[in-house]
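Below is one structure, written out as structure tokens; comments come after it.
In our numbering, the protein residues as written are 6 to 583.
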């Protein structure tokens, strides 16, 4: 009787509460409840903890067992994974060890999954030690779970080490590390591993391409992203909305918003809220405010209700497009549409006003908003003060940021920019001294460009590249030619009290100019040049690259920290509003 019941229950994923109680009663009356090993009892605990979501009653039932088996412990630990307090899984695991109960590979796997939910790095390392000590490391499923946890807690090197040491890998192992690399700011390694998995005989699935596309988006690697999209179409993965969403995001972040929209329009599967939000944000990043607004209206008409992310995306589009009144209208309509504005929405409105030069209105909104302004919101206002050279508001906001404990280098740099623009060099020096005293390090400008499958990185005034002499010669040529078109260096962007000629030299060797110069000497005429910068593009570089696009008849796409700039025939897609 017991074996037939065990066989039946092993195939059950859920039971109603009345049937579960009947099972509970049956186990008591037949004496199976107190057997040393009872699969039916373990299943009962699992049903209470997982299917019925009553972990507390599962724990109460567990406490009535005289000698719980490993599977009984596992059922409770597994229940904690989905609970509001997954850290309790580790506490139970330690209790299990202290009571000399037998731990198996599943126990370790469940506890690791709980660690992943709360990003418990130290606990994950401890469990890894136990896994090695108990000889479970050969278990492929457990190895995959371990490397996935390491990737999620930021221990990418440890995740890679686990992967390399695995005796047997499956597709999930490859996917976990590809995803880990992509999410852990190692996109180049993610793409290398994606290519390697095919060489090793593993066929990429939907999960594989999600990680690889994310890496392409980070790198702006359009060519590789397009190849992966081709594979997706052949394997019909484009029937999966999640895959399509990531393809749209990839094309947008590689600078090809038209291709992103083509994928959006041609989707044969149902568009979900993430699809619409991704496309609206893509238009926003590319300064296509009107198209973003049209799509937002179309989404509502198609029966998909906008959520807080939808409003954030369309407000961002209004920011980049200078659509101040439209942005205000949308913001004021949010609550009527059942979406409560949060601090990010208020931040967008502050950004909207700040970009338009309406700094005092932006400042009033920050002081009157119903939620507490965060550091990012104040930094947004500081950035607007820099753009419009408003010393008074910049100083007020900077003091507020110091009170809030912000130690971000950008806060100091923006204030320095305001002072430098007004040639208040003593104040610039005072800010620099404050940075030194607080041990604040300025983030160096970094730009990179892909060429023949290789990523070329450039810092300001960089001479580490093997072709630096040719790059600098090209910059000298550019400087000469742009002056024929009326270029005068915007030296207010230099934060040093030095001569005008020296300031011109500093500006002339910014990282984005080095990357563009390299693009000009390393690609054939007519080929678009794509550059990614870690910071916001400076005003002088923006003006120079517009002229370069006209003089050399090149389309140049620059993705900075905030948005895309598509330079063509002497104009930028941002319309000089960024």
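Every residue, glycine too, gets a C-beta built ideally from N, C-alpha and C.
Within 8 Å, strictly: CB atoms of residue i and residue j
| i | j | result |
| --- | --- | --- |
| residue 318 | residue 259 | no |
| residue 322 | residue 285 | yes |
| residue 50 | residue 96 | no |
| residue 464 | residue 516 | yes |
| residue 339 | residue 350 | yes |
| residue 423 | residue 390 | yes |
| residue 35 | residue 82 | no |
| residue 181 | residue 152 | yes |
| residue 132 | residue 117 | yes |
| residue 158 | residue 126 | yes |
| residue 421 | residue 436 | yes |
| residue 362 | residue 385 | no |
| residue 592 | residue 186 | The chain is shown only over 6 to 583; residue 592 falls outside these bounds and no answer can be derived. |
| residue 87 | residue 55 | yes |
| residue 604 | residue 320 | Beyond the ends of the chain as shown, which are 6 and 583, falls residue 604; an answer cannot be given. |
| residue 376 | residue 395 | no |
| residue 123 | residue 92 | yes |
| residue 514 | residue 466 | yes |
| residue 574 | residue 555 | yes |
| residue 582 | residue 327 | yes |
| residue 261 | residue 227 | yes |
| residue 527 | residue 410 | no |
| residue 572 | residue 542 | no |
| residue 106 | residue 78 | yes |
| residue 220 | residue 189 | no |
| residue 110 | residue 144 | yes |
| residue 71 | residue 39 | yes |
| residue 229 | residue 196 | yes |
CB-CB length for residue i against residue j, believed under 8 Å
| i | j | result |
| --- | --- | --- |
| residue 512 | residue 494 | 5 Å |
| residue 460 | residue 523 | Rounded, the Cβ-Cβ distance is 12 Å, inconsistent with contact. |
| residue 357 | residue 329 | 6 Å |
| residue 312 | residue 344 | 7 Å |
| residue 578 | residue 291 | 6 Å |
| residue 584 | residue 209 | The structure shown does not extend to residue 584, since the chain is modelled only from 6 to 583, so the question has no answer here. |
| residue 252 | residue 268 | 5 Å |
| residue 120 | residue 154 | 6 Å |
| residue 419 | residue 388 | 6 Å |
| residue 287 | residue 257 | 3 Å |
| residue 74 | residue 42 | 5 Å |
| residue 161 | residue 147 | The pair is not a contact, with the Cβ atoms about 19 Å apart (cut-off 8 Å). |
| residue 244 | residue 274 | 5 Å |
| residue 25 | residue 57 | 6 Å |
| residue 382 | residue 415 | Residue 382 to residue 415, Cβ: 14 Å. No contact. |
| residue 315 | residue 341 | Going by Cβ atoms, the distance from residue 315 to residue 341 rounds to 15 Å, so no, they are not a contact pair. |
| residue 426 | residue 433 | Contact flag wrong, Cβ pair sits at about 10 Å. |
Residues bridged to residue i [DSSP beta-bridge criterion]
| i | result |
| --- | --- |
| residue 118 | Residue 118 pairs with nothing; no bridge assigned. |
| residue 577 | 572 |
| residue 463 | 452 |
| residue 606 | Lying before the first or after the last residue shown, residue 606 is absent from the chain, which here runs from 6 to 583. |
Counting Cβ pairs, one atom from each stretch, are 3 or more of them under 8 Å apart for the segment 527-539 and the segment 442-453?
yes
Starting from the N-terminal side, write out each stretch of the beta strand (DSSP E) that is 3 residues or longer and does not extend beyond the segment 510-554.
534-538
Extract the residue ranges of the alpha helix (DSSP H) inside the segment 221-279, only unbroken runs of 4 or more that lie entirely within it.
227-239, 246-258 and 262-271
Would you check if there are 3 or more beta carbon pairs closer than 8 Å linking the segment 560-568 to the segment 483-491?
no
State whether the segment 473-484 contacts the segment 565-572, with contact taken as three or more CB pairs (one from each stretch) at a distance under 8 Å.
Flag = no, the segment 473-484 and the segment 565-572 do not touch.
Between the segment 432-443 and the segment 210-222, can you find at least three pairs of beta-carbon atoms closer than 8 Å?
no
What ranges does the alpha helix (DSSP H) occupy inside the segment 341-403, keeping only unbroken runs of at least 4 residues that lie completely in it?
348-360, 364-373 and 380-392
Please give me, in chain order, every unbroken run of the alpha helix (DSSP H) with length at least 4 that falls completely inside the segment 62-122.
Counting only unbroken stretches of 4 or more residues, the alpha helix (DSSP H) elements lying wholly within the segment 62-122 are 75-86 and 93-103, in sequence order.
Just to confirm the assignment: which complete beta strand (DSSP E) runs, minimum length 3, are found wholly within the segment 149-176?
Qualifying beta strand (DSSP E) stretches: none in this window.
Those runs of the alpha helix (DSSP H) which lie wholly inside the segment 294-346 and span at least 4 residues:
294-306, 313-326 and 329-338
Hey, which unbroken runs of the beta strand (DSSP E) at 3 residues or more fall wholly within the segment 185-210?
The segment 185-210 is shown to contain no whole beta strand (DSSP E) run of 3 or more residues.
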